[in-house]
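Below you'll find the structure, written out as structure tokens, and then a few comments.
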Amino acid sequence: MTKIAWWIRRRQKESDLREELEFHLSEDADEREAGGLSREEARAAARRDLGNVTLLTEDTRALWTCTLLEQFAQDVRYALRTMARHRAVSAFAVLSLAMGIGAGTAIYGFMDAILVRQLPIVDPASLVEITWRAKHVEPRNGPTGPSEFVLRSIYGRMDNDETGAHARIFPFAAVEPLREASAPVLSSTFTYFMSRRMNVLIRGDADLADVEYVSGDFFRSLAVAPGAGRTTEPGDDRPGAHPVAVLSHGYAQRRFGTVAQAVGQRILVNNTPFTVAGVAPPEFVGVDPGVAPGVYLPLSTNPLLDSEAPARNVDPNYYWIGIMGRLRPGVTREQAQAALAPVFASWVAATASNDRERANLPQLSVDAGGRGLDTLRARYSKPLYVLLAMVGLILAIACANMANLLLARAAARRREIAVRLSIGAGRLRLIRQLLTESLVLAALSGALGILIASAGIRLLTVLLANGDSGFTLHAELNARVLALAVAVSTLCGTLFGLVPAIRSTRLTLVPALKNIDLVPRMRLQEALVVSQIALLSLLLVAAGLLARTLANLQAVPLGFNPEGVLLFQVNAPQAGYPASRAAAFYEELRRRFAEIPGVRATTLSHSSLVGAGRAHPITVDGVPAVRTRFLQTGRDFFSAMEIPILQGREIDERDRQGSLPVVVISELFARTFFANHSPLGRHIKVGGSMSLDLEVIGVAADARYGGLKGANPPVVYVPYTQIPTKQLQQMTYALRTDGDPLRHVSAVRAIVHDADARVPVTNVVTERAEVDQTMNQEMVLARLCTAFAIVALAIACVGLYGTIAYGVARRTTEIGIRIALGAQRGAVVWMVLREVCVLAAVGLAISVPIARSASTFIASFLFEITPNDPRAIAFAAATLFATAVVAGYGPAHRASRIDPTSALRNE
Amino acid sequence: MAHKTPARVDLFRGTLDLLILKTLLPGPNHGHAIAKHIQRTSEDLLQVETGSLYPALYRLEAAGWVTASWEKSEKGKRARYYRITALGRKQLASEHSKWDAFARAMRLLLNPGREEA
């Protein structure tokens, strides 16, 4: 410690010593003068007695010199000087490595948010969620077939694939037995139920909010203290308790301005009054990082808002409620599972009604809940893994570049290093110096990389969200992410620095001093370039495949014209409109929208075409029309969406409540279910909650229904005016406009607000944007991968150029001799280019088999293209050779211009 | 270099530290006075080389056994005065007893029999 303190004040210490010695000298001289010597003699004697002052100073100085520290500072200074001398090359190397580190860090930031980060609550490690697993559930064989699974109705999500079925929701009746059995292992249990969005009316302003029902002890069990007012309490669960709501911090701020103003206010949720009891703290965003509820309601209020709730509460085969809990101290998840699983097994066995159900009963499992529910993990982890793999490739290419740069630089310094070794420099000391240089490069790259990462996270958030305001994936540069960036930079610095350092200090002194090159070929450099090319071609193949996928998706025929169409949703019944008057309200709105100047056509349907996904049991002459999808449609739908009518007519103002119920069918429906006969005048029946008998009045050309991937289903278009009024819910308006559709948003809002202020306009989007949104993941992947491929191409191109240029410079004499002996300029160019092409070919040969097997990794992101698409591989190969020729042409041209006389004089 | 002293004794390694600490025990002093004191007290048998004295003083300071500060000497010049610290006293005590043991051992080995008397 003292040493470093003294090292910092070393100038002070030196002057102390000087002054002290001066004092000693004068004291000694005074003494001798007093002894009788003359002044001069006394001084001379004293000085003689003092001895070797330099040696003395040197000995003392050892106390405050930190040799290691000073040498390190020297090395850093030297490294910076070297970098300043080779500014362009160093800047490029730093920049390319920084891009690799930055992109990697940004993507890791997202993975951290999804896969590692814990919920911002007290002791997340003790939080568990109760889930169940079962074998894969076969679809029920028609409505009359035997039930295959005890889960007969569901509100929420169940994963069901070859690996099995899995969900985190239970029947309400299972909660109580589980709560009782959990007493010895769980200190508390609580339940939640994610609802659809609801209309929330505050001070005359309406909007849609994500609503989560929670049990009274939800906040207390999570140990979340209120941000204002109070949170829900067990008393709120009592039947007949006053309906209260707890708002999220962000929502309360947005709707009330300040959190304090929200407490005690009355709000209308789906036209039902609630009192705001309190506001959650700002950091709490619910138990599912994938959803951010704005409003929390007590579970006991569910029947007030949902007429199906009472039936759902008592149905032991209706799965909808989520259960979480906290482990008692010292209890493991395995112990909790052992305590709960048998209880659930016997409970669920009693709900099975046939042997098929009994053969595949769900089995309870207790999972870690500290990271929250994993809806985000399911959605984003795979694309992020793909991106991370790509960034890893870029990083490897950048590292190879850096190593190549350092190798070339070390080779250029052979003579200098040989001189230093021959006059006694320690080899370790030289290695340390060279390593410092690479670490300085890496440190700069790391610092720059972190800047790039913070920008990258913002960019990636925008890309992934793509206008989705409910996007909840928030990545950040926390300590873990930064530590990774630092670790990667240090590792890169050491890895690509160590080999050149060791190699360049292991040389035979005499030839190196005489400047004779004894290393005939640059095997290591060439190996690095070949591996760069191999890595690059992997990226190019991936980019090619994803770009083709995007192009294929964009080429999917929509069947309607998405340009210039404004879409938005309105839900009148949810805002308290009586069902009987909703249809008239919707038609009145449509009429007023049609009067907006610049709007050419208006129509409405229950959902937009690409966002739709509704099925009812439909039969044609008693035969079930399987896979058929349903769209509630307003008048002029086909002309407004520009879908051609092939036979008959479209739905228009004649099709009203009370007139003959009609239907327009898609061409596919007509072909599938009416075969060769004309469908006009025929009838189809819609069963279930609809119970309609419809006469076919027209056949429309096929238009895309639902997403863009997968086979398009047969579709029936039914006038919303003719369905049972109870089935009428939200409507999506489509306005075909001249110019930018978003210009008309404020006019639309004004009209709706004027018609009824309780009804909000939501999900405003252009049809084009909505179509793009369905291929967002592919779009983001394709764009990022193309960007990555271009970056990698640039990096590898420079690496290749550097290596070839260096090789040509070393062979100046040889090429000079060749030219002197009569080699043609063209032959020299070809000679150099041939070597470049050989390197590229070797790299390609290595990468093709790897690409063929690795591309199956991204198979699930591809659309109408196989992972082994030969065109993608051919594209990669062509790009590679073009790059190689571009990178190699400069040096090759220079080689052909070598003047034989000056080249030979150098010898 | 010619010296007036008839017989010179070379200092063992480590003994200089001990002598400096011992010299500083009565009170603070500067380098030159420390050297003179050792020389005089040992009846000129021990000559302290300047080349060893000052590195030793700085070493003792670094070890925390003495502290140094600039003060006015009796003649009014600025001099660096060394003062023994509590840590230095402890070190002195332990070195002192080690040295006593060593001296006794040397006596026993070099003059066997005399000790018993």
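Residue numbers (the numbering used here), protein chains in the order written: chain A, 64 to 970; chain B, 84 to 200. All residues carry an ideal CB built from backbone N, CA and C; glycine is no exception. The structure displayed is predicted, hence computed values, not measured ones.
1. Only counting the same chain, and skipping five residues up and downstream in sequence, which positions put a Cβ closer than 6 angstroms to that of A:R888?
2. Beta-carbon separation of A:A461 and A:G509 under 8 angstroms?
3. I want to verify the contact list: residues of chain A whose CB lies under 7 angstroms from the CB of B:E132, in sequence order.
4. Under 9 angstroms, CB to CB, which of the residues in the region 147 to 162 of chain B have a partner in chain A?
5. Going along the chain, which residues of its own chain have a beta-carbon closer than 8 angstroms to the beta-carbon of B:L99, five neighbours each way excluded?
6. Tell me which same chain residues have a C-beta within less than 8 angstroms of the C-beta of A:E201, skipping the five on either side of it?
7. What number of angstroms, rounded off, separates the C-alpha of A:L847 from the C-alpha of A:L856?
8. DSSP has A:R973 in a bridge; who is on the other side?
9. Given this structure, state the Cα-to-Cα distance separating A:F233 from A:I386, to the nearest angstrom.
10. Quick one: which residues of the region 118 to 150 of chain A get their C-beta closer than 7 angstroms to a C-beta of chain B? List them in chain order.
11. Since A:L602 contacts A:A852 with CB under 8 angstroms, what's their CB separation in whole angstroms?
12. Using the beta-carbon of each residue, which ones in chain B are nearer than 7 angstroms to A:E77?
13. Measure how close the beta-carbons of A:L755 and A:I714 come, nearest whole angstrom, since I'm counting them as under 8 angstroms.
14. For chain A, check one thing: does any of its Cβ atoms lie closer than 8 angstroms to the Cβ of B:A186?
15. Going by C-alpha distance, which of A:R106, A:L360, A:F281, A:P777 is nearest A:R690?
16. Using DSSP with H/G/I as helix, E/B as strand and the rest coil, what is A:R663?
17. For A:N464, does the three-state DSSP call read helix, strand or coil?
18. By a C-beta neighbour count over all protein chains shown, 10 Å radius and 16 as the cutoff for buried, is A:R231 buried or exposed?
19. For a contact meaning CB atoms closer than 8 angstroms, what does B:R123 contact in chain A?
20. Please list, in chain order, all residues of the same chain as A:A966 whose beta carbon is under 6 angstroms from its beta carbon, the five residues on each side excluded.
21. When the Cα atoms are used, what is the spatial distance from B:Y165 to A:T120?
22. Just reading off the alpha helix (DSSP H) that B:W153 is part of, what are its end residues?
23. Pull up the DSSP beta-bridge partners for A:P202, would you.
24. By the 9 angstroms beta-carbon criterion, what residues does the region 163 to 195 of chain B contribute toward chain A?
25. Report the partner residues of A:I217 according to the DSSP bridge assignment.
26. In chain B, which residues lie less than 9 angstroms from A:F851 when you measure between Cβ atoms?
27. With A:T919 and A:A797 assumed to form a contact (beta carbons below 8 angstroms), what rounded beta-carbon distance in angstroms separates them?
28. My understanding is that A:S251 touches A:D280, with C-beta atoms under 8 angstroms, so please give their C-beta distance in whole angstroms.
29. Just checking: is the beta-carbon of A:E83 within a distance shorter than 8 angstroms of some beta-carbon in chain B?
30. Can you check whether the C-beta of A:D91 is within less than 8 angstroms of a C-beta belonging to chain B?
31. On the DSSP letters alone, give me the boundaries of the beta strand (DSSP E) that A:Q632 sits inside.
32. For the beta strand (DSSP E) that A:A797 lies in, which residues bound it at each end?
33. Could you pull out every residue in the same chain whose Cβ sits closer than 8 angstroms to the Cβ of A:T447, ignoring the five residues on either side in sequence?
34. Can you tell me the Cα-Cα spacing of A:N826 and A:V307, whole angstroms?
35. Checking contacts by CB at 8 angstroms: is B:P138 closer than that to chain A?
36. Let me see if you follow: with CB-CB separation under 8 angstroms, is A:T65 close to chain B or not?
Put simply:
1. On the first sequence, position 825 is the one that residue 888 of chain A refers to. For A:R888, where only same-chain residues beyond five positions count, the Cβ hits under 6 angstroms are S959.
2. Translated into the one-based positions of the first sequence, residue 461 of chain A becomes position 398. Translated into the one-based positions of the first sequence, residue 509 of chain A becomes position 446. No, these two residues do not count as a Cβ contact at 8 angstroms.
3. Here residue 132 of chain B refers to the residue found at position 49 of the second sequence. By Cβ distance, chain A contributes G114.
4. G147, A151, W153, S156, K158, K160, R161, A162
5. Stepping through the second sequence from its first residue, residue 99 of chain B is reached at position 16. Contacts found: V131, S135, L136, A139.
6. For the purposes of this step, residue 201 of chain A is taken as the residue at position 138 of the first sequence. So the qualifying residues of the chain are E211.
7. Translated into positions along the first sequence, residue 847 of chain A becomes position 784. Translated into positions along the first sequence, residue 856 of chain A becomes position 793. One C-alpha to the other measures close to 14 angstroms.
8. The displayed coordinates of chain A run from 64 to 970. Any statement about residue 973 of chain A would go beyond what the structure contains.
9. The residue you call residue 233 of chain A lines up with position 170 of the first sequence. The residue you call residue 386 of chain A lines up with position 323 of the first sequence. Rounded to the nearest angstrom, the two C-alpha atoms are 8 angstroms apart.
10. L118, L119, D122, T123, L126
11. On the first sequence, residue 602 of chain A is found 539 positions in, with the first residue counted as 1. On the first sequence, residue 852 of chain A is found 789 positions in, with the first residue counted as 1. Right, the Cβ-Cβ distance comes to about 5 angstroms (below 8 angstroms), so this counts as a contact.
12. Position 14 of the first sequence, counting from 1, holds the residue named residue 77 of chain A. Those do not exist, as A:E77 stays about 11 angstroms from chain B at its closest Cβ, beyond 7 angstroms.
13. To locate residue 755 of chain A, count along the first sequence from 1; it is residue 692. To locate residue 714 of chain A, count along the first sequence from 1; it is residue 651. The pair is not a contact, with the Cβ atoms about 14 angstroms apart (cut-off 8 angstroms).
14. Along the second sequence, read from residue 1 onward, the residue named residue 186 of chain B stands at position 103. Answer no: the Cβ-Cβ gap between B:A186 and chain A never drops below 8 angstroms.
15. To locate residue 690 of chain A, count along the first sequence from 1; it is residue 627. Nearest of A:R106, A:L360, A:F281, A:P777 to A:R690, Cα basis: A:P777.
16. Start at 1 with the first residue of the first sequence, and residue 663 of chain A comes out as number 600. Three-state result, A:R663: strand.
17. Counting from 1 along the first sequence, the entry for residue 464 of chain A is found at position 401. Three-state result, A:N464: helix.
18. For the purposes of this step, residue 231 of chain A is taken as residue 168 along the first sequence, with counting starting at 1. Under this definition A:R231 is a buried residue.
19. For the purposes of this step, residue 123 of chain B is taken as the residue at position 40 of the second sequence. Ordered by position in chain A, no residue passes the 8 angstroms Cβ test against B:R123, which lies about 12 angstroms from the chain.
20. To locate residue 966 of chain A, count along the first sequence from 1; it is residue 903. T875, T876, G879, listed in sequence order.
21. Here residue 165 of chain B corresponds to residue number 82 of the second sequence, with the count starting at 1. Here residue 120 of chain A corresponds to residue number 57 of the first sequence, with the count starting at 1. Near 19 angstroms, if we compare the C-alpha coordinates of A:T120 and B:Y165.
22. Locating residue 153 of chain B in the second sequence gives position 70, where the first residue counts as 1. Run containing B:W153: none in the alpha helix (DSSP H); it sits in the beta strand (DSSP E), 149 to 155.
23. Your numbering for residue 202 of chain A matches position 139 in the first sequence. A:P202 is not bridged to any residue.
24. R163
25. Locating residue 217 of chain A in the first sequence gives position 154, where the first residue counts as 1. A:Y382, per the DSSP bridge assignment.
26. Sequence index remark: in the first sequence, residue 851 of chain A carries index 788 (1-based). Here the premise fails: no neighbours, minimum Cβ distance about 56 angstroms.
27. Within the first sequence, the letter at position 856 stands for residue 919 of chain A. Within the first sequence, the letter at position 734 stands for residue 797 of chain A. Not confirmed; about 40 angstroms, so no contact.
28. Here residue 251 of chain A refers to the residue found at position 188 of the first sequence. Here residue 280 of chain A refers to the residue found at position 217 of the first sequence. That pair is a contact at about 6 angstroms.
29. Taking the first residue of the first sequence as 1, we reach residue 83 of chain A at position 20. A:E83 counts as touching chain B.
30. Along the first sequence, read from residue 1 onward, the residue named residue 91 of chain A stands at position 28. Output row for A:D91: interface = yes.
31. Taking the first sequence and counting its residues from 1, the one referred to as residue 632 of chain A is at position 569. Per DSSP, A:Q632 belongs to the beta strand (DSSP E) from 628 to 633.
32. Numbered from 1 along the first sequence, position 734 holds the residue referred to as residue 797 of chain A. Counting along the chain, the beta strand (DSSP E) containing A:A797 begins and ends at 794 to 800.
33. For the purposes of this step, residue 447 of chain A is identified with residue 384 of the first sequence, where counting begins at 1. Correcting the residue type first, residue 447 of chain A is Leu in the shown sequence and not Thr. So the qualifying residues of the chain are I170, F173, M174, I177.
34. The residue labelled residue 826 of chain A in the question sits at position 763 within the first sequence. The residue labelled residue 307 of chain A in the question sits at position 244 within the first sequence. The straight-line gap from Cα to Cα measures roughly 27 angstroms.
35. Here residue 138 of chain B refers to the residue found at position 55 of the second sequence. Interface residue, yes.
36. For the purposes of this step, residue 65 of chain A is taken as residue 2 along the first sequence, with counting starting at 1. Answer yes: the Cβ-Cβ gap between A:T65 and chain B drops below 8 angstroms somewhere.
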